[in-house]
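Each remark here refers to the structure printed beneath this line.
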Amino acid sequence: MHLISLFTYMDNPQNKFLIFPSSVLSTDGFLGLHALTRGLVKKDGQVDIITGQDSLTKYTAVLPFPKNVQIITELPEQKVLLQFPGQDSNVKSIQWNQDKNQLNLYVAVENGLFKADQMKLIKLAAQYKKVITIALGSLEELGNLYEDKFKYIFNESKLVSIGADLKGDVKDVEKHADKSHTTLGEDIYEYIQAESLEIDKDSADELLAAIFYATDGFKADIKSAKAFEICASLFSKGATNSKAQALLEKFAAK
């Protein structure tokens, strides 16, 4: 028998985001991710990044995430709310046990009669306003994070895919993967712009460094003028070559 603590249910935050970065995220991907989280936090967002225990450690040792961003290794399971309206009694305690596929609730009241005839079962919405994937080609790449018990998160939250044409059994995916872009940093930049998130000087340096890294300082083939146009925009927001290069040198030294 298990005792249930009496509690007051609080609504889930309406400005909380869950980010799934690719398991093989490189330096440019991390820099873009970092700039994105900065923009979300500056707009009063809370961000959970779901990833392996140590997969981002080498990056966060150089550039920690801002406040209100946390790395998690497990997803929250779905919750339901049982409501019993019309009560004129005070509940003293609730206990439960489970017998195979049957759940039993034992309610002790201090006075009056407990009324269960108008019980309501409410499936609580996912905790996240948006689920954002970065450089993820398929939801199947998530492995056990895409088990049936977690699919409610993808079905009930707005799903955004950045930097890849996300495949999977989902509907209405908002995709930001422009074929004219050369780098992931460009896709992340355009999503940040589309969401009217702030790009301060530090974020501009991070995005510029991401593009420098992915193009090997523009030595690699560039698909279109967009990379140069975005860099020009980042310069206008305060980015500098020297700061972007300094960032890359810090990562290279690790």
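Numbering-wise (this note's numbering), the sequence shown opens with residue 4 and increments by one.
We treat Cβ as the ideally placed atom computed from N, Cα and C, and that holds for glycine.
DSSP puts residue i in a beta bridge; with which residues?
| i | result |
| --- | --- |
| N100 | N107 |
| H179 | I165 |
| Q196 | DSSP output for Q196 lists no bridge partner at all. |
| L21 | D51, V134 |
| I75 | I53 |
| E94 | A small correction: the amino acid at residue 94 is Val; Glu does not occupy that position in the sequence shown. The partner list for V94 (beta bridge, DSSP) reads V112. |
| S141 | K170 |
Pop quiz: residue i and residue j are said to be a contact at Cβ under 8 Å. What is the actual Cβ separation, rounded to whole angstroms?
| i | j | result |
| --- | --- | --- |
| L148 | A212 | That belief does not hold up - the Cβ atoms of L148 and A212 are roughly 29 Å apart, past 8 Å. |
| G140 | K103 | The Cβ separation is near 40 Å, so there is no contact. |
| L84 | I22 | Not quite, the Cβ-Cβ distance comes to about 27 Å (not below 8 Å), so this is no contact. |
| V134 | I156 | 6 Å |
| L200 | L43 | 6 Å |
DSSP three-state call for residue i: helix, strand or coil?
| i | result |
| --- | --- |
| N15 | Confidence in N15 is poor, its pLDDT being 48 and thus under 50, which makes the residue's placement too unreliable to answer from. |
| G118 | In the sequence as displayed, the identity of residue 118 is Lys instead of Gly. In the structure shown, K118 sits in coil (DSSP, three-state: anything other than H, G, I, E or B). |
| K174 | coil |
| L34 | helix |
| I225 | coil |
| E63 | In the sequence under discussion, the amino acid at residue 63 is Thr, which differs from the Glu named in the question. Helix, per DSSP. |
| A255 | helix |
| T243 | coil |
| E232 | helix |
| L28 | coil |
| G220 | coil |
| E58 | According to the sequence provided, residue 58 is Ser. The question's Glu does not apply to it. Residue state, collapsed to three classes: coil. |
| D203 | coil |
| G42 | helix |
Exercise for the section: Please confirm if the segment 13-32 is in contact with the segment 110-119, defined as three or more CB-CB distances below 8 Å between the two stretches. Expected result: Verdict: no, contact absent.
Practice task
Check whether the segment 230-241 touches the segment 49-56, taking contact to mean three or more Cβ pairs, one atom from each stretch, closer than 8 Å.
Solution key: Flag = no, the segment 230-241 and the segment 49-56 do not touch.
Exercise for the section: May I ask you to verify whether the segment 162-169 touches the segment 178-197, counting CB pairs closer than 8 Å and requiring at least 3? Expected result: The segment 162-169 vs the segment 178-197: in contact.
Exercise for the section: Evaluate contact between the segment 54-63 and the segment 213-220, counting only Cβ atoms and requiring at least three cross-stretch pairs below 8 Å. Expected result: The answer is no - the segment 213-220 does not touch the segment 54-63, with fewer than three Cβ pairs under 8 Å.
Exercise for the section: Evaluate the contact criterion for the segment 29-43 versus the segment 203-211: three or more CB pairs, one atom per stretch, below 8 Å. Expected result: Judged by Cβ distances under 8 Å, the segment 29-43 makes contact with the segment 203-211, as three or more pairs qualify.
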